[in-house]
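If you read the sequence shown in the numbering used here, its first letter stands for residue 1067, the second for the next number, and so on. C-beta: ideal position from N, C-alpha, C; glycine also. No experiment lies behind these values; they were computed from the predicted model shown. Working notes, beginning with the structure itself.
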Amino acid sequence: MSEDPQPALLAGGNPQIPKGHGEAPVQAYIAAMPGWKADVGRRIDAIVSRTVPEVRKAVKWNSPLYGLDGKTWFLSFHCFDRYVKVAFFRGAALEPVPPEPSKTPSTRYLHVREGEALDEAQFADWVRQASRLPGEKM
């Protein structure tokens, strides 16, 4: 029996995962994240799943998406060379506002870098707040 080949890694080590809805494509993305980034992906996914038990998941544009109705999304993440970028699509409405700005006024980012501790309590609070806001259609 041959093993499934690993997904290709795009720029920044971002896994190239086929578009799909549900747990399986998100877990395939996380499993393919290189090095320390896979641990970050597992932690993000676990916090979102624990904080919003009814969350719906998908992978589009080589990024996991999290929402409530399977059509609109409140959070996504993506691998870059030096960090994992977490996007809160309505992040400008969160308290406190996540630290990184976006070209889109309503979106804010959190960059998780190697060796930096993720403030899990703050992250869970952002996830809780974000899940109560209108999602972004994608």
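Exercise for the section: Leaving aside the five residues before and after Ile1096 along the sequence, list all residues of the same chain whose C-beta is less than 7 Å from its C-beta, in chain order. Expected result: Setting aside the 5 residues that flank it on each side, Ile1096 is surrounded in the same chain by Ala1104, Gly1107, Arg1108, Asp1111, each with a C-beta closer than 7 Å to its C-beta; the list follows chain order.
Handout entry: Residue of Leu1141, Val1150, Val1178, Ala1158 minimising C-alpha distance to Ser1197
Key = Out of Leu1141, Val1150, Val1178, Ala1158, Leu1141 has the C-alpha closest to the C-alpha of Ser1197.
Problem - Stretch-stretch touch, CB-based, cutoff 8 Å, three pairs: the stretch 1150-1159 with the stretch 1175-1184 - result: yes
Exercise for the section: Could you spell out where the alpha helix (DSSP H) holding Arg1116 opens and where it closes? Expected result: 1102-1117
Practice task
Grab the span of the alpha helix (DSSP H) containing Ala1098 for me, first residue to last.
Solution key: 1089-1098
Exercise for the section: Output yes or no for whether 8 Å exceeds the beta carbon distance between Gly1133 and Trp1127. Expected result: Not in contact: Gly1133 and Trp1127 (Cβ atoms no closer than 8 Å).
Handout entry: Nearest to Arg1194 (by Cα), restricted to the options Pro1162, Lys1203, Pro1100, Met1204
Key = When only C-alpha atoms are compared, the closest one is Pro1162.
Exercise for the section: Measuring alpha carbon to alpha carbon, tell me which of Ala1187, Leu1199, Pro1100, Phe1155 ends up nearest Gly1079. Expected result: Pro1100
Problem - Best match in Pro1119, Lys1085, Gln1072 for proximity to Met1204 [C-alpha to C-alpha] - result: Lys1085
Handout entry: Anticipated Cβ contact below 8 Å, Ala1158 with Ser1172, distance rounded
Key = 5 Å
Problem - Alpha carbon of Pro1200 to alpha carbon of Leu1160, nearest angstrom - result: 12 Å
Handout entry: Rounded distance between the beta-carbons of Phe1189 and Ile1113, thought under 8 Å
Key = 6 Å
Problem - Proximity to Gly1156 [Cα-Cα], best of Ser1115, Pro1167, Gly1088 - result: According to the sequence displayed, residue 1156 carries Arg and not Gly. Ranking Ser1115, Pro1167, Gly1088 by Cα distance to Arg1156 puts Pro1167 first.
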